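The next block holds one structure in the form of structure tokens; read it before the comments.
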Amino acid sequence: MAKNLSNSIRAKGTLIAIGILFFSCFVSFSLMTILFLVLYHGDLSISEAHAVFGSFMFVTLILCVALGGSLLFFAIRKISDPIIRISNATKEVAKGDFSIKMDYKSNDEIGVLTQNFNLMTTELGNMEYLRKDFISSVSHEIKTPIASIQGFAEMLQDKELSEENFQAYTNIIIDETKRLSHLSSNMLRLSKLDHQFIPEITKQFSLDEQIRRTIVLLEEKWSKKNLELDIDLEKIVYTGDEALIQQIWLNLIENAIKFSAESGTVFIHARKISNKVIAEIKDQGIGISKIDQGRIFEKFFQVDESHSKEGSGLGLAIVKKIVEIYDGEIDFTSEIGQGTTFVVKLPFRN
Ligand SMILES: Nc1ncnc2c1ncn2[C@@H]1O[C@H](COP(=O)(O)OP(=O)(O)OP(=O)(O)O)[C@@H](O)[C@H]1O
Ligand SMILES: [Mg+2]
0 MAKNLSNSIR AKGTLIAIGI LFFSCFVSFS LMTILFLVLY HGDLSISEAH AVFGSFMFVT
60 LILCVALGGS LLFFAIRKIS DPIIRISNAT KEVAKGDFSI KMDYKSNDEI GVLTQNFNLM
120 TTELGNMEYL RKDFISSVSH EIKTPIASIQ GFAEMLQDKE LSEENFQAYT NIIIDETKRL
180 SHLSSNMLRL SKLDHQFIPE ITKQFSLDEQ IRRTIVLLEE KWSKKNLELD IDLEKIVYTG
240 DEALIQQIWL NLIENAIKFS AESGTVFIHA RKISNKVIAE IKDQGIGISK IDQGRIFEKF
300 FQVDESHSKE GSGLGLAIVK KIVEIYDGEI DFTSEIGQGT TFVVKLPFRN
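So for the sequence shown, numbering that gives the first Met the number 0 puts the first residue at 0; every next one is plus one.
The structure is reproduced here in structure tokens:
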């Protein structure tokens, strides 16, 4: 009860008002009595005593109003001061200043409001930082291929260009265009997933067939590196958004191929265990250092800049989002020079 009172402005305000009223009345009655005792001699008629008493009453009323009014003024100022400060701080936030913090410690509603206000400005500050960081990463990713396309297109205008150089430059332009297209579709996909995307097209499909189709889709890449594939896929029927789930295998297998050395082996296994699908994609490639392991799911993060030409660092961020949408889990183990194993667990849904 006492805690509730100290935590509520309404209760505190009422108590203060009653206190002030009581105090003012007490002071005025005491004054009235003292004045009456000092000034009344006992030889006044009833009407004279009435008049004296009336004047005392008037004086104490004025005193009471003045005293009570000033006490109330200070009490209300104490309550309204932090509200005015919060209002001014909100104006600053509206102008875009998220560094603003309020200093007011109390357990009452204004104290809670101040805490929430500080929390809000901290969160807005973080979001602003992420937004700026995202924009600078996107601009960097777009600027590089565009500069390269522009440069090689200008070189194509050279009338004396040999056939061999013509082929080389056009190939670079085609590659860079593909890279831009890959980047924009990944960014679109991620922004859709970031905005509370709910899969619409949910149907039953064969998950093992889907993984096999993905492997075929990536044939050019793994055969170019002369990689061996160890495929072990149990028959699995899964319900979900087929195209979306395929993105998981596409990104993980593509990474396993990309970060494998020539003639290595990529293992692709999937099985059902009770109410879950467990898929494992393992490579014997370059591996990921302990320091970088904590960052690989971040948007635009790439360990090795020399591989940055072959992607933009969005693949794993997309995979993680999709796995989360399906209430699944994604884990990995990795060792430098030994390889990496990703394990995806997807629960079956009705
Ligand atoms: N199997 C792997 N072996 C070694 N490093 C990996 C592996 N998978 C991911 N990584 C590291 O994590 C980074 C992020 O992976 P991610 O798939 O998000 O991006 P990417 O493959 O570089 O580009 P994108 O997927 O957008 O084409 C990679 O650049 C790489 O450094
Ligand atoms: Mg990738």
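The beta carbon of each residue, even a glycine, is placed where N, CA and C say it ideally should be.
Remember, it's a predicted structure, so these values are computed and weren't measured experimentally.
- Message: Please tell me whether, using a cut-off of 8 Å, the distance from the CB of L315 to the nearest non-hydrogen atom of ligand 2 is below it.
- Response: yes
- Candidates S46, E334, I317: which alpha carbon is nearest H194's? I317
- Task: Report the rounded CA-to-CA distance for P346 versus D132, giving the unit in angstroms.
- Result: 34 Å
- Which whole runs of the beta strand (DSSP E) in the stretch 232-298 are 3 residues long or more, in chain order? 236-239, 264-272, 275-282
- Task: Look up E334 in the DSSP assignment and say whether it is helix, strand or coil.
- Result: strand
- Message: So, for I15: in the same chain, excluding its five sequence neighbours on each side, which residues have a beta-carbon less than 7 Å away from its beta-carbon?
- Response: A74
- Message: For a quick check, are the C-beta atoms of F22 and L62 less than 9 Å apart?
- Response: The answer is no: Cβ separation not under 9 Å.
- Message: Below 8 Å, is the gap between the Cβ of Q301 and the nearest heavy atom of ligand 1?
- Response: yes
- Could you check what DSSP says for V137 in three-state terms: helix, strand or coil? Taken through DSSP and simplified to helix, strand or coil, V137 comes out as helix.
- Is the beta carbon of Q301 less than 9 Å from the beta carbon of S311? yes
- Message: My assumption, with CB atoms under 8 Å, is that L243 sits in contact with I321. Please give the rounded CB distance.
- Response: 6 Å
- Query: When we look at the beta-carbon of D102 and count the other beta-carbons within 10 Å, is it buried (16 or more) or exposed?
  - Reply: exposed
- Would you report the Cα separation of F52 and F28, rounded to the nearest angstrom? Approximately 12 Å, taken between the alpha carbons.
- Using a Cβ-Cβ distance under 9 Å, would R76 count as near chain E? Any reference to chain E falls outside this structure, which holds one protein chain only.
- Message: Can you tell me whether K257 sits near ligand 2, meaning its C-beta is under 8 Å from at least one heavy atom of the ligand?
- Response: yes
- Query: Are the CB atoms of V236 and I277 nearer to each other than 9 Å?
  - Reply: no
- Going by other Cβ atoms of all chains shown within 10 Å of its Cβ, with 16 needed for buried, is E122 buried or exposed? By the neighbour-count criterion, in which 16 or more other beta carbons inside 10 Å mark a residue as buried, E122 falls on the exposed side.
- Task: With distances taken Cα to Cα, identify the nearest neighbour of D174 among T264, N87, S147, S98.
- Result: S147
- For the candidate residues R348, I295, I252, whose alpha-carbon lies nearest to that of T201? For the options R348, I295, I252, the alpha carbon positioned closest to that of T201 is the one of R348.
- Identity of the residues DSSP links to P346 by a beta bridge: K275
- Endpoints, the alpha helix (DSSP H) within which Q203 is located: It is not in any alpha helix (DSSP H) - Q203 instead sits in the beta strand (DSSP E) that spans 202-205.
- Query: Mind checking whether the beta-carbon of G338 lies closer than 8 Å to any heavy atom of ligand 2?
  - Reply: no
- Can you grab the Cα-Cα spacing for the pair D231 / T264, in whole Å? 13 Å
- Take Q114 as the anchor and find which of A260, T238, P81 has the nearest alpha-carbon. P81
- Quick one: give me the first and last residue of the alpha helix (DSSP H) that M186 is part of. 162-193
- Helix, strand or coil for L217 per DSSP? Coil, per DSSP.
- Task: List the whole-angstrom C-beta distance separating F299 from L313, where the pair is believed to meet the contact cut-off of C-beta under 8 Å.
- Result: The pair is a contact, with the Cβ atoms about 7 Å apart (cut-off 8 Å).
- Query: Does DSSP put F415 in a helix, a strand or coil?
  - Reply: Residue 415 is absent from the model: the chain starts at 0 and stops at 349.
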